[in-house]
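Working notes, structure below.
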Amino acid sequence: MPIPGMDDKLMASDCLASQKFLASCYNMAITECANQDLRRDFFNIYQDEQNCLKMVFDSLNARGWYNLQMANMQDINQLQQQMRQEAMRLQAQVGVGPVQMGQMGFQPRA
């Protein structure tokens, strides 16, 4: 039964937002779980939610309802510089040694 005022695009967008929320909740549960068995269960559910999220995203993207813009190199370089500065600030604040951003996976794809 159709919901008044909600078309397919709006319902699919709501579904995407809900899946993002669920994934973030399970991510938090994994991070904060002390019991390894429960953590593994949360992780398995999290992976299922990520798969559902990807399917919903792909569906919206295929219909042109969720379009992505490619970042240009200038924007990527600017963001990398900001992240390096923030990492250095946090390291100085906490008193730990420097970590190269490339080790953390912030290298641009070729």
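Numbering (our numbering), first residue to last: 218 to 327.
We put the beta carbon where it would ideally sit given N, CA and C, even for glycine.
Under the three-state DSSP convention, the category residue i falls into
i	result
ASN268	helix
ILE220	coil
GLN286	coil
ASN261	helix
ASN278	helix
ASN252	coil
GLN298	helix
GLY312	coil
First and last residue of the uninterrupted alpha helix (DSSP H) at residue i
i	result
ASN244	225–249
Status (buried if at least 16 other CB within 10 Å, exposed otherwise) for residue i
i	result
GLN286	exposed
GLN236	buried
ALA327	Residue placement at ALA327 cannot be trusted, given a pLDDT of 49 that sits under 50; what the coordinates show is reported in the next sentence. Its Cβ having fewer than 16 others within 10 Å, ALA327 is exposed.
VAL273	buried
GLU266	buried
PHE259	buried
LEU296	exposed
LEU233	buried
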